[in-house]
Amino acid sequence: MYNVTRVVHFDATADFSDRAEYTENVRLAVKELGALRRLVSPTLPGVINGGDLLVHLRFASADEAAGAIETLDATLGSPVVARLDGVQYHPGRAQSRPDASRTVYRALLLRVAPGTPEATIERFERDLLKMPGYIESIVSWRLSRVEDSVGPTAWTHVWEQEFSDHASLMGQYLDHPIHWGVVDRWFDPECTEVVVRDRVCHTFCALDGAVLDPGSDGGPSD
45 MYNVTRVVHF DATADFSDRA EYTENVRLAV KELGALRRLV SPTLPGVING
95 GDLLVHLRFA SADEAAGAIE TLDATLGSPV VARLDGVQYH PGRAQSRPDA
145 SRTVYRALLL RVAPGTPEAT IERFERDLLK MPGYIESIVS WRLSRVEDSV
195 GPTAWTHVWE QEFSDHASLM GQYLDHPIHW GVVDRWFDPE CTEVVVRDRV
245 CHTFCALDGA VLDPGSDGGP SD
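So for the sequence shown, our numbering puts the first residue at 45; every next one is plus one.
What follows is the structure in structure tokens.
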């Protein structure tokens, strides 16, 4: 499988009508791209550098995605758009809590600083993957390394989750000790272990069906 994610940041001058028309045009266009799974949804309140519209597509292979990516990015380009952030990647292994309900898809795009030793990167990845063991509102999760990046930041990882609800993402997830007591040190410039120095893209949207399907992913990410 091969995944493509784009985060659309609207220009400040784009009004509600502009945004609604753009979103509908994107929804219609991605239906023709041959994706096995597609998600086009406005972001929810609380995103941080997370844009206004989230587009996520899953293809059978990188080859099948190649032509679609060019068409997608041409479609997304518009005077109402200030910037795009995006990633392309073979997905890591997704894990899930069977039969748990999910209503929110979240993606964290991040950049590990160049020159970080591989052993340190793997420790960082293991800490991220500990989080679902403590936070029950994360019902599906997947960590992948990025192969191609779009936008001003050269993203290296995408950390995806499906949450039971928006309130749990904004509360239980962000306030949990595993978050601020274990994981935050990798992002905190005042900690010696910091590896993520660039601003992250913390984006999420309403979910109309599972995006993280354990049965359709590639090999393990850790």
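For every residue, glycine included, the Cβ atom is placed at its ideal position computed from N, Cα and C.
- For H210, the three-state secondary structure derived from DSSP is helix.
- Restricted to the region 169-256, not a single alpha helix (DSSP H) segment is unbroken, complete and at least 4 residues in length.
- Each residue's CA atom was taken as its position, placing P176 and Y217 some 9 Å apart.
- For the 7 Å CB-CB criterion, F60 and D96 do not form a contact.
- Residue burial is scored here from C-beta neighbours: R155 has at least 16 other C-beta atoms within 10 angstroms and is therefore classed as buried.
- Just measuring C-alpha positions, the residue of Y66, V91, I92 and L101 sitting nearest L83 is L101.
- Nearest Cα to Y178 within the set V226, A157 and R189: V226.
- Here G90 has M214 as same chain residues with Cβ atoms under 6 Å from its own Cβ, once five neighbours each way along the sequence are excluded.
- For D171, the closest of S181, R186 and G159 by C-alpha to C-alpha distance is R186.
- Using a C-beta cut-off of 8 Å, the region 112-131 makes contact with the region 45-52, since at least three inter-stretch Cβ pairs fall below that distance.
- Between Q205 and I182, the C-beta spacing is below 7 Å.
- If only uninterrupted alpha helix (DSSP H) runs of at least 4 residues are considered, those enclosed by the region 102-154 are 106-120.
- Secondary structure of N47 (DSSP, three-state): strand.
- Under the criterion of beta carbons closer than 8 Å, A118 and Y46 do not qualify as touching, at roughly 19 Å.
- Here the region 135-145 lies against the region 243-258, with 3 or more beta-carbon pairs under 8 Å apart.
- Here S184 is actually not in contact with V131; their C-beta atoms are around 18 Å apart, not less than 8 Å.
- I165 is not bridged by DSSP to any residue.
- Residue A198 holds the alpha-carbon nearest to the alpha-carbon of A157 among A144, R150, A198 and D143.
- Under the 10 Å beta carbon count, S105 is surrounded by fewer than 16 other beta carbons and is classified as exposed.
- As a beta-bridge residue in DSSP terms, P86 pairs with L97.
- Between L98 and T87, the beta carbon gap of about 6 Å places them in contact (Cβ cut-off 8 Å).
- In this structure, the alpha-carbon of D252 lies about 9 Å from that of Y149.
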